[in-house]
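Chemist: Quick one: this structure, given as structure tokens, is what I'll be asking you about.
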Amino acid sequence: MEVRGARKTYPGARAPVLDGVDLRIRRGESVVFLGPSGSGKSTLLRAIGGLEPLDAGTVRTASRPAVVFQDPALYPWLNVAQNIALAGRFRAHRGRVPEPRVRELLEVLGLVPLAEASPAQLSGGQAQRVAVGRALAARPQLLLLDEPFSALDPATREDLQRWLRRLIDDLGLTAVTVTHDVAEAAALGDRVGFFRAGVGFERWWDVPRTAQEADADALTADLRDHYREARGEWVI
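Right, here's the structure in full:
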């Protein structure tokens, strides 16, 4: 996936939210866009997903990505399996996802016991796992996640971060996640791209998956300090 010269200015804004962004994401890589609100990270994610037109620049992807948002947006009159199966109606083939694929996803996502449950019976974390399953139903080559866990409590959020990282690795997914949470960025990313308000994309951090705990702590501290500095806060 490649972005070249991405530019975007919202009506009435004094400055562009994206100003000539260039980046490339390798197949099988998990990338996180980190930064304060208004820094352009969600705008770029939506542009990659074909949901936000750019003023200039190009986005090249192998196929149309699948997107997971903060709100699972499950259909309340359908059960878990049916919500996943219905995803196919919104893809190019305009049909339901085949039943074997639905069963496969229920197993991969740990949702078999909940296959017949209604959305009203699910916890927030379970509902978001269903949303991920629906996104994966048509086998997208690129998975985009826009602050998918930000509405969840801290314990559930941490559990789902570990779950999503394992899922990305096990399925060999190419993924882009947007977050303003430093710990989440370090947990999910092979690389973290930092966005700053008024600048847009600023720089990359590599996140070695084999790093020792002390190295991981140092990386998280570095990201946190940079985040605070970008928001104009004193770092203590």
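For what it's worth, the UniProt record's numbering labels the leading residue of the sequence shown as 1, then goes sequentially.
Positions of the beta carbon are idealized from the N, C-alpha and C atoms, including for glycine.
1) Output yes or no for whether 8 Å exceeds the beta carbon distance between residue 142 and residue 1.
2) Could you compute how far the alpha carbon of residue 159 sits from the alpha carbon of residue 166?
3) Excluding the five sequence neighbours on either side, which residues of its own chain have a C-beta within less than 7 Å of the C-beta of residue 7, listed in chain order?
4) Measuring alpha carbon to alpha carbon, tell me which residue in 62, 177, 26 and 83 is nearest residue 46.
5) Mind checking which residues open and close the alpha helix (DSSP H) that includes residue 125?
6) By Cβ distance below 8 Å, which residues in the same chain neighbour residue 129 in space, the five residues on each side in sequence not counted?
7) Would you call residue 99 buried or exposed, if buried means 16 or more other Cβ atoms sit within 10 Å of its Cβ?
8) Taking C-alpha atoms, which residue in 175, 30 and 196 lies nearest to residue 230?
9) Assess, as a yes-or-no matter, whether the segment 59-69 is touched by the segment 220-228 under the definition of 3 or more beta carbon pairs within less than 8 Å.
10) From the DSSP secondary-structure annotation, give me the bridge partner or partners of residue 58.
Modeler: Put simply:
1) Position 142 of the sequence shown, counted from the first residue, corresponds to residue 142. Position 1 of the sequence shown, counted from the first residue, corresponds to residue 1. For residue 142 and residue 1, yes; Cβs fall inside 8 Å.
2) As a working mapping, residue 159 is identified with position 159 in the sequence shown. As a working mapping, residue 166 is identified with position 166 in the sequence shown. So the two alpha carbons sit approximately 11 Å from each other.
3) What you label residue 7 is simply residue 7 of the sequence shown in a count that begins at 1. So the qualifying residues of the chain are 16, 18, 19, 20, 54, 55, 56 and 57.
4) Here residue 46 refers to the residue found at position 46 when the sequence shown is read from its first residue. For residue 46, the closest alpha carbon among the candidates 62, 177, 26 and 83 is that of 177.
5) Reading the sequence shown from its first residue, position 125 is the one you call residue 125. Start and end: 124-136.
6) On the sequence shown, position 129 is the one that residue 129 refers to. Hits under 8 Å: 109, 110, 111, 160 and 163.
7) To locate residue 99, count along the sequence shown from 1; it is residue 99. With fewer than 16 Cβ atoms within 10 Å of its Cβ, residue 99 is classed as exposed.
8) Taking the first residue of the sequence shown as position 1, residue 230 is located at position 230. Residue 230 has its Cα closest to that of 196, out of 175, 30 and 196.
9) no
10) Here residue 58 corresponds to residue number 58 of the sequence shown, with the count starting at 1. 4.
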